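In our numbering, the protein residues as written are 53 to 265.
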């Protein structure tokens, strides 16, 4: 082989060797993950589905976040409103009670004025009795009820004994005197009645001896 033939063979080999990487580079570009975006070719259908699903989830998360923020704001406003209403309720809780008591005070003032004008004890007593009836009616409407004590069997849940009295007129453990009235509030003891309780008097020896003689 001549020198010219050898140079031609070398040139052909070099040309063929350079063509291989160019062809591989072109294939690599067509198969690379970012090649479609750069070349303007559409994404595969599966990738488009993933992208659409991701965007939908992002919109859903944003919607839930906005809703959560609104609920938090509404809850804070609700707590503030409840606190204000509670303060108002505490402030005016006795409004109805006082409206019921005011007429009693009016009657008491009229009774005092009447007693001053005619200086009659009977007139004063009538006025006080009227006040007592009005006030008693008000207490009953509020759920207050007087505890029955006098002549009743002593009940430690309703009565509070302050002393024991010997008595032949009452059976043992019977209330013979009411020192202070007791009251129930809707079946619950508001204040027990202070009472004195009967105890049988001891039998005197002289009594039996006198009968025998």
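The beta carbon of each residue, even a glycine, is placed where N, CA and C say it ideally should be. Keep in mind the model is a prediction, meaning the values are calculated, not measured.
Span of the alpha helix (DSSP H) holding residue i?
i           : result
residue 233 : Premise fails: residue 233 is in no alpha helix (DSSP H) and is neither H nor E.
residue 188 : 173–193
residue 108 : 97–143
Put residue i into one of helix, strand or coil per three-state DSSP.
i           : result
residue 246 : strand
residue 152 : helix
residue 209 : coil
residue 42  : In the structure as shown, the chain begins at 53 and stops at 265. Residue 42 is therefore absent and cannot be evaluated.
residue 219 : coil
Determine, using beta carbons only, whether residue i and residue j come nearer to each other than 8 Å.
i           : j           : result
residue 249 : residue 201 : no
residue 160 : residue 183 : yes
residue 243 : residue 234 : yes
residue 186 : residue 156 : yes
residue 199 : residue 236 : yes
Alpha carbon to alpha carbon, how far is residue j from residue i? Give it in angstroms, no decimals.
i           : j           : result
residue 217 : residue 152 : 40 Å
residue 190 : residue 139 : 26 Å
residue 178 : residue 158 : 15 Å
residue 125 : residue 144 : 29 Å
residue 206 : residue 141 : 41 Å
residue 113 : residue 147 : 51 Å
residue 118 : residue 188 : 59 Å
residue 102 : residue 132 : 45 Å
residue 120 : residue 111 : 14 Å
residue 220 : residue 204 : 16 Å
contact_flag[the segment 215–231, the segment 180–196] where n(CB pairs < 8 Å) is 3 or more: no
Would you check if the segment 209–217 and the segment 159–169 touch, i.e. whether three or more CB-CB distances between them fall below 8 Å? no
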